[in-house]
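In our numbering, the protein residues as written are 4 to 336.
Glycine included, every Cβ here is placed at the ideal spot set by N, Cα and C.
What follows is a single structure, written as C-alpha cells, with notes after it.
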Amino acid sequence: MKSNLLSLLLVFIYFTVSAQYSNTSHEEAVDVKKKTLLIALDEQDIAMVNKLKKEPEKLKAYQDFIAGKNEAMKNAVQKIWTFSKYEFKPAKEATRLVTSKKTAYMLLKFSSIGDYTYTRSSQGINSAPSGYSYNKNMGGYSYNAPAGEMKKTGDVPILSLASTKEILKVNLPTAYPSEGEMMFALGHLQYILAYLAENEKHGIMNLIKKQLDVNVKFLKDKTLLVDTEDLKKGVTEDEIKAAYGFPVKAVSSEEIDKALINKTFGYAVIKIIPVEIGGGGVKAHVIADTENSLFYYFDYVKNTNISGISVGKKVEFLQEKDFKNIAKAITDK
4 MKSNLLSLLL
14 VFIYFTVSAQ
24 YSNTSHEEAV
34 DVKKKTLLIA
44 LDEQDIAMVN
54 KLKKEPEKLK
64 AYQDFIAGKN
74 EAMKNAVQKI
84 WTFSKYEFKP
94 AKEATRLVTS
104 KKTAYMLLKF
114 SSIGDYTYTR
124 SSQGINSAPS
134 GYSYNKNMGG
144 YSYNAPAGEM
154 KKTGDVPILS
164 LASTKEILKV
174 NLPTAYPSEG
184 EMMFALGHLQ
194 YILAYLAENE
204 KHGIMNLIKK
214 QLDVNVKFLK
224 DKTLLVDTED
234 LKKGVTEDEI
244 KAAYGFPVKA
254 VSSEEIDKAL
264 INKTFGYAVI
274 KIIPVEIGGG
284 GVKAHVIADT
294 ENSLFYYFDY
304 VKNTNISGIS
314 VGKKVEFLQE
324 KDFKNIAKAI
334 TDK
C-alpha cells in the first residue's frame with residue numbers, strides 16, 4: 004500500500020511540474036518572437052507603503068527591494084534577451100497595453116515576489132535585509148547575498164510570459180533573485196522559446212525528454228559550478244568531485260553570479276528550483292551553460308514533502324547522490 008501511494012505521488016509530481024511547459028506551442032513561440040515584449044517592472048504597493056510609514060527602516064527596506072530588483076531585471080534583460088524586441092514599463096501600464104493591444108505586445112512579469120522582512124540564510128550563517136539595499140558609493144543597488152541563499156518555502160517566485168493567457172513560465176531559485184539568477188531564468192525561458200520557434204513538429208515535452216538527452220553529454224566538457232550554500236551540511240568539494248567524476252567546483256553565490264552575468268565560457272551552473280506544489284517543497288535540479296544558456300539537465304527531485312505527506316528525505320540541499328545521477332545521465336547518452 005505504501006509503495007502504491009509513493010508511486011502515485013511521484014506520477015502526480017511529474018505531471019504537475021511538467022504542466023508549466025506542456026501547453027506551449029510552436030505557433031505561440033513564433034507569436035512571441037513577432038511581438039514586442041513588455042517587461043513589467045514591479046511597483047510599490049500603496050497599502051504597504053502606508054502601513055510602513057511609521058517604521059522608516061522597514062519602509063526603506065521594502066522600497067529598496069522593489070527598486071533593486073527592477074534594476075537587476077533591467078540589467079539581466081539587456082545582457083541576455085535577443086529573442087524579440089522589448090521595452091520596460093511599470094507593471095500596471097504594461098498590463099494595460101497588453102490588454103488593449105493584443106496583437107502588438109507580450110507581457111513578462113513576476114507572478115510572485117518575496118516580502119521585505121529580515122531573514123536568515125538557509126543554514127543560519129548570516130542575517131541581513133532581504134533582497135537589495137542602496138549603495139551610495141556605487142550609486143545604485145547592491146544585492147544582499149545572504150537573503151538570496153535562503154531556501155524560502157511557501158512562496159514560489161515565477162517569471163510569467165503571457166498575452167491574453169499565460170503562455171510559459173519559469174521558476175526562480177529564490178524569492179530574492181540576484182541579477183545572475185534572473186539571467187539564469189531568462190536564459191531558460193529564451194532557450195525554450197527558441198527551440199519551439201525553430202521546431203514546428205516538436206512540443207515542449209520533446210525538449211524535456213529528448214533534446215536534453217542530446218545536450219547532457221556535452222556537460223562533461225564544462226566545469227560545473229555549485230553554490231556552497233546549496234550543498235548539504237557536511238558534504239565537501241572532494242566528495243562531490245569523487246561522486247561526479249567530471250570537472251566541478253564548489254564556489255560562493257557571488258562567483259556563480261559573476262559567471263552568469265559575464266557569460267563566462269567553459270562553465271555550467273546547477274540551480275535548485277522550487278515548483279508550485281507542496282508549498283515550494285518540491286524541487287527541480289536545472290543545469291545551464293553560463294555563456295549561452297544551453298539547457299543541459301532538468302530533473303525532478305523525487306524525495307520530497309508534499310503538503311505534510313513525507314516521501315523520503317527532504318531535498319533542500321545537493322547531496323553526493325545528486326552528482327552521481329548527473330554523471331549517469333552524461334555517461335548513459
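- Looking at the DSSP output, T226 bridges to Y270.
- For N174, the three-state secondary structure derived from DSSP is strand.
- By the neighbour-count criterion, in which a residue is buried when 16 or more other Cβ atoms sit within 10 angstroms of its Cβ, I276 is buried.
- Of the other Cβ atoms in all chains shown, fewer than 16 fall within 10 Å of the Cβ of T167; this residue is therefore exposed.
- Spatial neighbours of E242 in its own chain (CB-CB distance under 8 Å, excluding positions within 5 residues in sequence) are listed in chain order as E323.
- Contact between L196 and V80 is ruled out by a C-beta separation of about 14 Å, above the 8 Å threshold.
- Proximity to G269 across E182, S255 and A291 peaks at A291, based on C-alpha coordinates.
- Judged by beta-carbon spacing, S114 lies within the 8 Å limit of I161, meaning their Cβ atoms are closer than that value.
- In the displayed model, L199 falls within a helix according to three-state DSSP.
- Judged by DSSP in its simplified three-state form, K54 adopts helix.
- Between the segment 248-263 and the segment 219-226, the count of C-beta pairs closer than 8 Å reaches three or more; the two stretches touch.
- In the DSSP assignment, S163 falls within the unbroken beta strand (DSSP E) covering I161 to A165.
- In the DSSP assignment, D292 falls within the beta strand (DSSP E) that extends over K286 to D292.
- With a threshold of 16 other beta carbon atoms within 10 Å, V173 meets it and is buried.
- Taking a 10 Å sphere around the C-beta of N73, we find 16 or more other C-beta atoms and assign the residue as buried.
- Taking C-alpha positions only, S255 is separated from K104 by approximately 44 Å.
- Counting C-beta atoms within 10 angstroms of its own C-beta, E184 has 16 or more neighbours from the protein chains shown and is therefore classed as buried.
- When rounded, the separation of the alpha-carbon atoms in A32 and A200 is 5 Å.
- As the crow flies, the alpha-carbon of A165 is around 31 Å from that of L62.
- By the criterion of a C-beta distance shorter than 6 Å, L192 is surrounded in its chain by V173, once the five residues flanking it on both sides are discounted.
- Membership of Y247 in the alpha helix (DSSP H) is indicated by the continuous run E240 to Y247.
- The continuous alpha helix (DSSP H) containing L100 extends over residues A94 to S103.
- DSSP, reduced to helix, strand and coil, places V254 within a strand of the structure shown.
- Taking C-beta atoms as the reference points, M51 and Y65 count as a pair closer than 8 Å.
- The residues A262, L263, K266, T267, Y270, A271 and V272, in chain order, have a CB closer than 7 Å to that of T293 in the same chain once the five nearest residues on each side in sequence are set aside.
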